[in-house]
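Engineer: To start, I am sharing the structure in question, which I have written as structure tokens.
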Amino acid sequence: MKQVTRLGLGLLLSSSVLAAHAEEVKIGMITTLSGGGSHLGVDVRDGFMLALEQSGRDDVEVLIQDDANRPDLARSLANEFMQRDEVDILTGIIWSNLAMAVVPTVTRQGTFYLSPNAGPSDLAGRMCHENYFNVAYQNDNLHGAMGAYMREEGYEHPIIMAPNYPAGTDALAGFKHLYEGEVVGELYTQMGQTDYAAEIAQIRDSDADSLFFFLPGGMGISFMKQWESSGVDMPIFGAAFSFDEILIKAVGSAAIGARNTSLWAYDLENEANARFVEGFQAAYDRMPTLYAAQGYDTANLILSALETAHPDDKDAFREALRAADFDSVRGEFRFGPNHHPIQDIYVREVVEGDDGEPTNRLIGIAIEDIQDVYFEECQM
Amino acid sequence: MTNNTSLTNGASQAATADTALVPKTGSHFDRKGLVQMALLGLLLLVPVAAYFLGHIYYVNLASRITIIAMAAVGLNLAIGYGGMVSFGHAAYFGLGGYVAGISAYHAFDLTPFMTWPFSLPGSDSLLVVWLVAALLCALLALAIGAISLRTTGVYFIMITLAFAQMIYYFANSWPTYGGEDGLPIYIRNTLPLVDSSNALTYFLICFVGLVLAMAITSRLMKSRFGAALTMARLNDVRLATAGISPYPIRLVAFVISAAITGLAGALYADLNGFVSPNMLSWHFSGELMVIVILGGVGRLYGPLAGAVLFVMMETFLGGVTQYWQLFLGLVLLGVVLFAKHGVMGWLAGRERNE
Amino acid sequence: MSVTLLIEQLLNGVQLGTMLFLMASGLTLVFGVMGLINLAHGSFYMVGAYATAAVTASTGSFLIGLGAGMAAAAMVGALVELLVIRRLYHRPHLDQVLATFALILIFSEGTRWIFGSSPMRLSPPSWLTGFVTLPGDTRYPIYRLMLIGVGIVISIALYFLISKTRLGMRIRAGESDREMIGALGVNISKLYTVVFALGAGLAGLAGALVGALQSVQVGMGEPVLILAFVVIVIGGIGSIKGALLGALLVGVVDTLGRVYLPIFFRAFMPPSEATGVGAALAAMLIYILMAVILAFKPKGLFSAHD
């Protein structure tokens, strides 16, 4: 498995062919390795490859390609994997809009797709498919869980904010669904916005007692830095997408004290997680993010199903996936009827670590056994 | 135009240099003719062979190249022949794509596109989609062109970019048709008599589209209109002294250019089964320009050569290294610095009027 | 909606405008003097931010980092001018667009190769954090006030540089007649390198200053680049005065649009729809502004050049 390690270490190779065997399984991974937000794709890939390496199997071949965060390119790569390489399983896509471009055709053509990140509502509801499994979360999960947590904690006047695009409006709707109370305001920002002075002034001007925001990636970094220097004193809450270990290191002290919901935490105590976190740090010399955990779980789910059946036997393999008989790093994990997870969502707080750098610390459970609201629309 | 025949003659000489789709007899076997025939022949034969060898992927790749080439043929009419450097052609490509997507969406859902002032249903017919896409793109280009063509030079580049950005942001945040998530087309739009969902058939449709677009460009540039457009690019003062206003000539060329690019966009949406605001982004406008320049500006076969090279690099470099865009940049830089007249200039030699 | 909020938002608009001016002034100088369209100008912004982040992290001093960022951007600019750009002056705009588009790809992916995919840490120094209370009980971050201050100082410095110094005289001569200054015995290629490096340095300074408030990551220069182009086109390409006015106009219109358009639509629409429509229109606002200005003044407000 030398090649796997080299690949996982993120050297030049982004596509590699491993030793050929009889009955070997081919997995195609389309993920974002270049351009903005590429640290998510890199972590999904590294987590996935770590699980394969730890399993010691050499009959699983993984082909990896970079979609550069472009839906048309992702679509073309999916065709390449299915039509030229004849892969058994596809995985890897990070973004909802790319998933919407790729997943429906893949599953309709009979190939399995396992999502290591992103769970748009359509794929959980009216467009669900028996060959599609989401091993990460439905997009509303973390926002809804934060709504439940903030109500529980007694915040009565939150102001909420997200970019003006489908995932943003869904996030706020998901939050409100489980928060159930009145919010004092909703702010929509622009996609890719870098300056939040105008929004911060509005937040200060409002009567809110707390702020919930969904600003993934660089948008979250910009916002939190500007929030700190504005001197507004209000507790802030969000989903893990703005608070992964890499982002909060880039934000610095401004992130300290923020609470965020996540389906996983590195200090979650279970055997599988200990093995994952130690293995990841040893192999890549950095702290894993939730994306790495999702990639790791995705690979382990596949490996567990391969123990029972080969993907050529579609019905048997699908049943094996549905059983989800693997040790998830997030503890309990099972699939709902629409092949989306039913799982606990945790709350983490950003604190100053032993090395003085900000890090996430697990502080509790936001909501147990959360399930998306779309499964009733799903007919397979 | 009747009052000045010498002008049209002079200009049409300048314009004939590279407007013949099929080289005239006798010039079949010169270097340029051979390169052009080889290019078109390979584009047709490779996917056909791949199809019968069972490699569907390469057929779809060829369709992608063909469609991108067609979009670039449209842009080349504006940039190369008309001298109008549009940095906003993604707007037409995306609009064409959205026509295909929205039409299929309503046909699939059996909901009308609009109910007032009259009920307009969706349609899954490719012919309807193409017609509407070309017409809407032409209308949009008429509006944008009418304002933009009052400016010249860098201002023109930037105002076309501004209009495209407006449409991009609009599509990104308008939720009805998916916003940033885009809009899937579940079942490819159909044509009477042929099976458009077959990969080879669809490639052939695209191929015919490309050849037609090139033929239209070729005919147009050989006509008196083309002569006037060339003169407007080379010396609009002289054109104006001949009693012809360059503005309407440019505007018409700009509109035709947009319609061709819009048609390509509709084909692209159906090929991918998906349309998203990405098709409208300034990056795509930039890529289209890059393809035109890469192939050779103002050369009939330039966009085709550029599209082949660009899509192949994008596809195969991506499999070699995750830093493929760095090498793509280096190749592009090499072309602009050392192959001044694009790939076609390098393969087929310089134009007589260069 | 109080008056203090309006004042604060105006300040925010001015602050955005001053940073846009740092970007736009270099872009417009390079176009005015050399006639070059430089799409890679945003890359110098990124280089400045990355260099500042790296040096600040290793020295612990934001000021040293700032100097290093500006110097690094200027040096990279000079290098790019010597290796690539000077071959493009006599080429059509199209070739310049292609070459500088290629430079964007090279810079972005090169930066990612060297620094990795993760965003870099860069925060304002502790002596610049916090806020001041302005009349009317408006609280405003010190760092943003400092940005406005730097913007004003640079504008004045540029004014003196161009109107009072020998270098400025040559730049003005280059803008009005490129052939003539060659005939006068001025070393044109040296002048061009200096002007290009100056523009790159200003972009690097903007990247470094703004980087402390934003995410320092690959591709951070692209949205700013597009805005800077809008600014110089509105102001009139080649005109420093136009760039300043255009930058302030774009900064204020963009900021106020984002705040007040959703409120405006709420007057006659259900709140959730109004916010969406308002935000969508706010995103398009500066492009609409640019199209309207160009429709009436095809060469911008203060055209110095074609």
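Chains as they are written, first to last, in numbering that gives the first Met the number 0: chain U, 0 to 379; chain G, 0 to 353; chain B, 0 to 305. The C-beta atom is built at its ideal place from N, Cα and C for all residues, glycine as well.
#1: Buried or exposed: where does U/D121 fall if 16 or more other Cβ atoms within 10 Å of its Cβ makes it buried?
#2: For B/P123, which residues in chain C fall below 7 Å Cβ to Cβ?
#3: How far does the alpha helix (DSSP H) with G/K31 in it reach, from first residue to last?
#4: What beta strand (DSSP E) runs, 3 residues minimum, are completely inside the stretch 182-238 of chain U?
#5: Within the continuous beta strand (DSSP E) that includes U/P70, where are the two ends?
#6: Is the CB of B/P269 under 9 Å away from at least one CB in chain U?
#7: Listing by chain order, which chain B residues have their CB less than 9 Å from the CB of U/I245?
#8: What does B/Y142 touch in chain U if you count any residue whose Cβ is under 8 Å from its own?
#9: What are the residues of the stretch 86-114 of chain U that lie near chain G, defined by any Cβ-Cβ distance shorter than 8 Å?
#10: Are the beta-carbon atoms of B/Y44 and B/G173 separated by less than 9 Å?
#11: Is U/E79 buried or exposed, if buried means 16 or more other CB atoms sit within 10 Å of its CB?
#12: If contacts are defined as beta-carbon pairs under 8 Å, then G/F283 and G/A61 qualify, I think. What distance do you get, rounded to the angstrom?
#13: Opposite U/Y345 in the DSSP bridges: which residues?
#14: Along the stretch 167-189 of chain G, what residues have a CB closer than 9 Å to any CB found in chain U?
#15: In chain B, what lies closer than 7 Å to G/L94 by C-beta?
#16: List, from N- to C-terminal side, the alpha helix (DSSP H) runs of 4 residues or more that fit wholly inside the stretch 63-121 of chain G.
#17: Tell me which residue opens and which closes the beta strand (DSSP E) that G/P302 is part of.
#18: How is the alpha helix (DSSP H) around U/K25 delimited, first residue to last?
#19: Under 9 Å, do U/Y154 and U/W263 count as touching if we go by C-beta distance?
#20: With distances taken between CB atoms, is the gap from B/Q306 to B/V217 smaller than 9 Å?
#21: Should G/G225 go down as buried or exposed, given a rule of 16 or more other Cβ atoms within 10 Å for buried?
#22: Taking Cβ-Cβ distances shorter than 9 Å, what residues in chain B pair up with U/K224?
#23: Measuring alpha carbon to alpha carbon, tell me which residue in U/W94, U/L210, U/Q280 is nearest U/G446.
#24: For B/V75, which residues from the same chain have a beta carbon less than 7 Å from its beta carbon, with the 5 sequence-adjacent residues on both sides left out?
#25: Based on the DSSP output, what are the partners of U/I63 in its beta bridges?
#26: I need the straight-line Cα distance from B/A67 to G/N59, nearest angstrom please.
#27: Below 6 Å CB to CB, which residues in the same chain sit around U/E227 once its five sequence neighbours on both sides are set aside?
#28: Please report the distance separating the alpha-carbon of U/A172 from that of U/G180.
#29: So what does B/V232 bridge to, in DSSP terms?
#30: Judging by CA-CA distance, which residue of B/E272, B/K189, B/G245, B/T17 is the nearest neighbour of B/A148?
#31: What is the DSSP secondary structure of U/D326, reduced to helix, strand or coil?
#32: Between U/Y187 and chain B, is there a C-beta pair that is closer than 9 Å?
#33: Between the alpha carbons of U/D87 and U/D58, how many angstroms are there, rounded?
#34: Between B/Q95 and chain U, is any beta-carbon pair separated by less than 9 Å?
#35: Determine, using beta carbons only, whether G/F162 comes closer than 9 Å to chain B.
#36: What residues from chain U crowd round B/F130, counting only those whose CB sits closer than 7 Å?
Structural biologist: By the coordinates alone:
#1: Taking the first sequence and counting its residues from 1, the one referred to as residue 121 of chain U is at position 122. Burial of U/D121 is indicated by the presence of at least 16 other C-beta atoms within 10 angstroms of its C-beta.
#2: Absent from the structure: chain C. Protein chains present are U, G and B.
#3: One-based indexing of the second sequence puts residue 31 of chain G at position 32. Its alpha helix (DSSP H) spans residues 30-51.
#4: Listed in chain order, they are 184-188, 209-212, 235-238.
#5: Translated into the one-based positions of the first sequence, residue 70 of chain U becomes position 71. It is not in any beta strand (DSSP E) - U/P70 instead sits in the alpha helix (DSSP H) that spans 70-78.
#6: The residue labelled residue 269 of chain B in the question sits at position 270 within the third sequence. Residue-level contact by beta carbon fails for B/P269 and chain U, as no gap is shorter than 9 Å.
#7: The count along the first sequence starts at 1 and reaches residue 245 of chain U at position 246. Around U/I245, the beta-carbon contacts reaching into chain B at under 9 Å are S116, S117, P118.
#8: As a working note, residue 142 of chain B is residue 143 in the third sequence. What B/Y142 touches in chain U: S228.
#9: Within the stretch 86-114 of chain U, the residues whose Cβ lies closer than 8 Å to any Cβ of chain G are, in chain order, S95, N96, M99, A100, P103, T104.
#10: As a working note, residue 44 of chain B is residue 45 in the third sequence. As a working note, residue 173 of chain B is residue 174 in the third sequence. No, these two residues do not count as a Cβ contact at 9 Å.
#11: As a position in the first sequence, residue 79 of chain U is number 80, starting the count at 1. Buried, since its Cβ has 16 or more Cβ neighbours within 10 Å.
#12: Residue numbering aside, residue 283 of chain G sits at position 284 when the second sequence is read from its first letter. Residue numbering aside, residue 61 of chain G sits at position 62 when the second sequence is read from its first letter. Actually they are not in contact, since the Cβ atoms of G/F283 and G/A61 sit about 20 Å apart, beyond 8 Å.
#13: Working through the first sequence from its first residue, we reach residue 345 of chain U at position 346. In the DSSP output, where bridge partners are listed per residue, U/Y345 has U/S261, U/I364.
#14: For the stretch 167-189 of chain G, which is checked against every Cβ of chain U, the residues closer than 9 Å are Y168, N171, S172, P174, G177, G178, E179, D180, G181, L182, P183, Y185.
#15: Numbered from 1 along the second sequence, position 95 holds the residue referred to as residue 94 of chain G. Contact note: G/L94 does not reach chain B at a C-beta cutoff of 7 Å; the least C-beta distance is about 16 Å.
#16: Fully enclosed alpha helix (DSSP H) runs of 4 or longer: 89-108.
#17: Start at 1 with the first residue of the second sequence, and residue 302 of chain G comes out as number 303. Here G/P302 belongs to no beta strand (DSSP E); instead the alpha helix (DSSP H) covers 301-316.
#18: The residue labelled residue 25 of chain U in the question sits at position 26 within the first sequence. It is not in any alpha helix (DSSP H) - U/K25 instead sits in the beta strand (DSSP E) that spans 24-30.
#19: The residue labelled residue 154 of chain U in the question sits at position 155 within the first sequence. The residue labelled residue 263 of chain U in the question sits at position 264 within the first sequence. No, the pair does not count as a contact, with Cβ atoms beyond the cut-off.
#20: Outside the displayed span of chain B (0 to 305) sits residue 306 of chain B, for which this structure offers no information.
#21: Here residue 225 of chain G refers to the residue found at position 226 of the second sequence. Burial call: buried.
#22: Indexing the first sequence from 1 puts residue 224 of chain U at position 225. Those are L121, S122, P123, A211, L212, Q213, S214, listed as they occur along chain B.
#23: Residue 446 of chain U lies beyond the range of chain U shown here (0 to 379); nothing can be said about it.
#24: On the third sequence, residue 75 of chain B is found 76 positions in, with the first residue counted as 1. Closer than 7 Å at the Cβ level, and outside the excluded window around B/V75, lie F43, V46, A199.
#25: Position 64 of the first sequence, counting from 1, holds the residue named residue 63 of chain U. Beta bridge pairing from DSSP links U/I63 with U/M28.
#26: Working through the third sequence from its first residue, we reach residue 67 of chain B at position 68. Working through the second sequence from its first residue, we reach residue 59 of chain G at position 60. Distance between the alpha carbons of B/A67 and G/N59 is about 49 Å.
#27: Start at 1 with the first residue of the first sequence, and residue 227 of chain U comes out as number 228. Counting only Cβ-Cβ distances below 6 Å, and skipping sequence neighbours, we find A253.
#28: If you number the first sequence from 1, residue 172 of chain U lands on position 173. If you number the first sequence from 1, residue 180 of chain U lands on position 181. Between U/A172 and U/G180, the C-alpha separation is close to 12 Å.
#29: Indexing the third sequence from 1 puts residue 232 of chain B at position 233. Answer by DSSP bridge pairing: none, since B/V232 is not bridged.
#30: Here the question's residue 148 of chain B lines up with position 149 in the third sequence. It should be noted that the sequence gives Gly, not Ala, for residue 148 of chain B. The shortest Cα separation from B/G148 among B/E272, B/K189, B/G245, B/T17 belongs to B/T17.
#31: As a first step, residue 326 of chain U is located in the first sequence; it is residue number 327 there, counting from the start. Taken through DSSP and simplified to helix, strand or coil, U/D326 comes out as coil.
#32: Your numbering for residue 187 of chain U matches position 188 in the first sequence. Proximity of U/Y187 to chain B, defined by a Cβ-Cβ separation below 9 Å, is satisfied.
#33: Start at 1 with the first residue of the first sequence, and residue 87 of chain U comes out as number 88. Start at 1 with the first residue of the first sequence, and residue 58 of chain U comes out as number 59. Each residue's Cα considered, the two are about 13 Å apart.
#34: Translated into the one-based positions of the third sequence, residue 95 of chain B becomes position 96. Against chain U, the CB of B/Q95 has no partner CB under 9 Å away; the residue lies outside that interface.
#35: Within the second sequence, numbered from 1, the residue matching residue 162 of chain G stands at position 163. Using beta-carbon distances, G/F162 counts as an interface residue toward chain B, with a partner under 9 Å.
#36: The residue given as residue 130 of chain B occupies position 131 in the third sequence. Neighbours of B/F130 on chain U, chain order: S229, G230.
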